[in-house]
Amino acid sequence: MFVTILDIIISGLLLGGIYALIAVGLSLQYGVARVLNIAHGEFIMLGAFLTYTLFTGFKINPLISLVITGPAIFVVGFFLYRTLFARLRAVAPTVDAFEGNSMLACFGLLFIIQNVAILIWGAGIKGYSFWAEPVSLAGAKFAANRLITLFVALGICVAFYFFLSHTRLGKAIRASAQDPSTAGLMGVNINHVLALCFGLGSLMAGLGGTLISISYQIQPTMGLEYTVIALIVIVLGGLGSIPGSFIGGLVLGLVGSIVTYIDPGLSLVAYYVIFMLLLLAKPTGILGKS
Amino acid sequence: MSRQISNTHKIVVPIILILVLALLAAAPLFAPRYTIILMISIFMYVIITVSWTMFSGPTGYVSLASAAFFGAGVYTSALFGLKLPLPVIVPLGGLAGFVLALLVGALTLRLKGAYFVMFTFGLVELLLNFLLWWEINITGTTGRVVPPVSNSAVYYTMLGIFVAVVGSSYLINRSRYGLAMRCIGEYEEAAAHTGINVALYKIITFALSAFFMGAAGAIMATRWTYIDPHIAFNPLISFLPVLMAIFGGIGHLVGPIIGATIFTYLEEVLITKFPYYYMLIFGIIMLLAITYLPEGVVGLFQNLYKRLTGEKNGAA
């Protein structure tokens with residue numbers, strides 16, 4: 008009994024680590040840059056496939072490709088904001104109009120990235136084996152790669168939290184999240200900071216993708232599922248709250264693990280039920296301000 | 163001058179409309195089978211897109227629940243297809259969409275902006291995953307067979323729903339009811355203060371638009387003959403109409419019709435040979451339309467027309 012509970016908790020945390028990472032990325036994009044990035048999962052997918060290609064084609068260790076995929080996808084996100092979203096932001100009369108238009112633009116991005124990926128890698132399911140030997144943890148057994156995934160994901164989240172709370176740039180980002188126009192008046196280069204936030208959000212999606220590809224099978228259409236999970240997590244944690252997204256990710260991972268233990272077919276259903284009940288009961292989330 | 167134009171408009175527009183309708187009604191008599199099948203797909207997307215615009219156009223609430231209402235219709239057809247005749251199935255499918263939308267509308271009243279988008283999107287995925295689980299664990303089926311109907315029956319049903327949805331959109335736009343909807347879109351609180359029953363108007367329009375989607379789903383299921391939750395609740399059915407409406411232009415009734423027709427035709431031409439290029443092109447056009455054509459194709463032509471006829475300050 009004890010082992011079963013431990014088993015559920017640990018596998019929930021393993022799942023939750025990745026959820027937290029991708030949700031923190033989306034939270035940054037929506038909370039600060041005001042882009043509800045429906046294409047978030049596509050950046051995850053890109054990260055996963057880049058890692059796959061680097062591993063199978065060039066024999067590069069997936070943990071090393073973290074420092075390749077992350078920056079590469081950061082650059083894509085950063086320039087997307089500088090070109091596309093900055094333009095939409097400049098012409099939109101209100102913040103609401105910008106949110107609507109940027110979300111629709113993300114739909115376009117979703118189709119473009121997904122189909123370019125299919126043209127490059129094909130539509131099939133891919134996967135590779137990396138550190139898959141089992142490790143015993145207090146009686147429960149796990150693949151080594153999943154433990155690594157959890158630690159890397161948590162490490163990135165914590166490092167990012169310290170970046171936000173202890174650096175000058177982090178302070179600029181927090182200021183822009185609270186009030187972009189006032190932050191601009193205080194000398195923050197808003198367009199640069201927002202592009203940076205969108206880029207950092209993409210970076211985390213890319214890193215998340217790399218970690219996902221280590222433990223799970225990947226395919227070009229996998230993005231939407233992760234986008235939805237990230238959306239659920241940021242609502243769970245409160246839109247725009249980074250610590251909220253982090254905790255929300257772990258909570259959702261635990262929920263997923265518990266429901267999977269009861270009936271594997273119901274885990275996605277459980278996510279949506281929680282999501283919709285939460286939207287109705289407390290749209291501001293666990294840590295959100297009303 | 164302008165009065166003359168509006169007078170000729172009064173005569174010319176109805177004549178053109180009647181001619182187009184007559185042509186559409188007579189099409190199965192002379193058009194090849196392939197054209198009729200293509201027309202059925204075009205009608206399907208036009209109906210969903212016009213219905214979507216009926217609610218989301220004036221209010222600005224972006225709904226991604228179209229696939230849920232469409233799927234409700236599809237499943238109605240699958241459940242009752244063997245027991246009931248077609249003229250009962252189609253309104254019943256519409257009713258399924260209508261009731262679902264009433265429930266969703268009543269629940270989501272307080273949600274705005276991104277929350278509404280996420281909720282409606284979550285709804286489709288919830289229904290899809292719940293039905294998958296239900297089919298596998300409770301009924302032990304993976305798909306259902308819908309009794310097929312002749313192509314011309316599907317075609318005429320689609321044409322009927324098309325006329326109904328465009329007609330209701332037109333009447334709503336012209337009435338006080340449509341004006342109230344636009345007020346809600348402009349400034350919801352102000353609309354409420356001027357005495358508009360905001361909740362009632364939003365829910366009724368949402369449900370009415372879902373009725374047409376459900377009816378289209380019910381008849382489309384007979385074309386597909388085999389359905390499963392993935393086919394019935396395909397998220398693309400939610401996404402594509404939004405993009406089609408934006409591309410065509412949501413400011414005018416013709417916009418969604420044009421947008422849906424162009425894209426469905428493009429899909430037909432490209433999807434058999436280059437399925438991934440179709441979606442790729444779709445995405446690129448989408449980005450370009452949002453960045454450079456905020457009022458859609460119709461808005462572009464309206465501005466061009468105004469410039470040609472020499473009207474100043476036309477491009478607002």
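Chains as they are written, first to last, in the working numbering: chain R, 8 to 297; chain S, 163 to 478.
Just so you know, even glycine gets a beta-carbon here, dropped at the ideal spot from N, CA and C.
Please report the distance separating the alpha-carbon of residue i from that of residue j.
i: residue 349 of chain S; j: residue 207 of chain S; result: 30 Å
i: residue 8 of chain R; j: residue 15 of chain R; result: 11 Å
i: residue 476 of chain S; j: residue 23 of chain R; result: For residue 476 of chain S, the predicted structure reports a pLDDT of 45, less than 50, and the residue's modelled location is therefore unreliable. A value from the coordinates is still provided. Cα to Cα, residue 476 of chain S sits roughly 54 Å from residue 23 of chain R.
i: residue 275 of chain S; j: residue 117 of chain R; result: 20 Å
i: residue 133 of chain R; j: residue 226 of chain R; result: 6 Å
i: residue 244 of chain S; j: residue 311 of chain S; result: 11 Å
i: residue 80 of chain R; j: residue 231 of chain R; result: 18 Å
i: residue 214 of chain S; j: residue 463 of chain S; result: 22 Å
i: residue 420 of chain S; j: residue 104 of chain R; result: 24 Å
i: residue 401 of chain S; j: residue 171 of chain S; result: 35 Å
i: residue 164 of chain S; j: residue 465 of chain S; result: Here residue 164 of chain S scores only 49 on pLDDT, less than 50, and its place in the model should not be relied on; the value that follows carries that caveat. Looking at the two C-alpha atoms, the distance is approximately 17 Å.
i: residue 292 of chain S; j: residue 178 of chain S; result: 47 Å
i: residue 526 of chain S; j: residue 343 of chain S; result: The requested residue 526 of chain S does not occur in the structure, where chain S is confined to residues 163 to 478.
i: residue 90 of chain R; j: residue 201 of chain R; result: 12 Å
i: residue 106 of chain R; j: residue 42 of chain R; result: 6 Å
i: residue 64 of chain R; j: residue 125 of chain R; result: 18 Å
i: residue 443 of chain S; j: residue 114 of chain R; result: 13 Å
Could you have a look at residue i and say whether DSSP puts it in helix, strand or coil?
i: residue 263 of chain S; result: helix
i: residue 349 of chain S; result: coil
i: residue 276 of chain R; result: helix
i: residue 149 of chain R; result: strand
i: residue 172 of chain S; result: helix
i: residue 289 of chain R; result: coil
i: residue 435 of chain S; result: coil
i: residue 26 of chain R; result: helix
i: residue 18 of chain R; result: helix
i: residue 143 of chain R; result: strand
i: residue 447 of chain S; result: helix
i: residue 245 of chain S; result: coil
i: residue 389 of chain S; result: strand
i: residue 182 of chain S; result: helix
Whose CA, out of the options, lies closest to the CA of residue i?
i: residue 197 of chain R; options: R:216, R:212, R:217, R:176; result: R:176
i: residue 356 of chain S; options: S:337, S:341, S:370; result: S:341
i: residue 439 of chain S; options: R:181, R:127, R:216, R:199; result: R:127
i: residue 58 of chain R; options: R:246, R:214, R:231, R:278; result: R:214
i: residue 425 of chain S; options: S:201, S:465, S:333, S:393; result: S:201
i: residue 380 of chain S; options: S:229, S:339, S:335; result: S:229
i: residue 19 of chain R; options: R:274, R:288, R:249; result: R:274
i: residue 227 of chain S; options: S:211, S:239, S:241, S:240; result: S:211
i: residue 254 of chain S; options: S:242, S:454, S:181; result: S:242
i: residue 218 of chain S; options: S:175, S:269, S:403; result: S:403
i: residue 187 of chain S; options: S:259, S:324, S:378, S:443; result: S:324
i: residue 448 of chain S; options: S:432, S:471, S:408, S:431; result: S:408
i: residue 236 of chain R; options: R:250, R:212, R:222, R:199; result: R:212
i: residue 209 of chain R; options: R:13, R:49, R:161; result: R:49
i: residue 131 of chain R; options: R:138, R:137, R:121; result: R:121
i: residue 137 of chain R; options: R:178, R:163, R:272, R:224; result: R:224
i: residue 82 of chain R; options: R:207, R:283, R:270; result: R:207
i: residue 313 of chain S; options: S:337, S:272, S:383, S:297; result: S:383
Check the C-beta distance from residue i over to residue j and give it rounded, since I have them as a contact under 8 Å.
i: residue 51 of chain R; j: residue 29 of chain R; result: 6 Å
i: residue 276 of chain R; j: residue 288 of chain S; result: 7 Å
i: residue 452 of chain S; j: residue 111 of chain R; result: 5 Å
i: residue 414 of chain S; j: residue 460 of chain S; result: 5 Å
i: residue 221 of chain S; j: residue 347 of chain S; result: 4 Å
i: residue 394 of chain S; j: residue 233 of chain S; result: 4 Å
i: residue 25 of chain R; j: residue 156 of chain R; result: 6 Å
i: residue 418 of chain S; j: residue 406 of chain S; result: 7 Å
i: residue 283 of chain S; j: residue 270 of chain S; result: 12 Å between Cβ atoms; not a contact.
i: residue 235 of chain S; j: residue 256 of chain S; result: 7 Å
i: residue 221 of chain R; j: residue 152 of chain R; result: 5 Å
Relative to the ligand NAD, is the shortest distance from any of its heavy atoms to the C-beta of residue i smaller than 7 Å?
i: residue 221 of chain R; result: The model on display carries no ligand, and the ligand NAD is accordingly not part of it.
Residue ranges of each beta strand (DSSP E) run of no fewer than 3 residues wholly in the region 156-239 of chain R, ordered along the chain? none
Any beta strand (DSSP E) of 3 or more consecutive residues that is wholly inside the region 59-93 of chain R: none
Residue ranges of each beta strand (DSSP E) within the region 261-337 of chain S, 3 or longer: none
May I ask you to list, following chain order, the residues of the region 282-298 of chain S that have a beta carbon less than 8 Å from some beta carbon of chain C? No chain C appears in this structure, whose protein chains are R and S.
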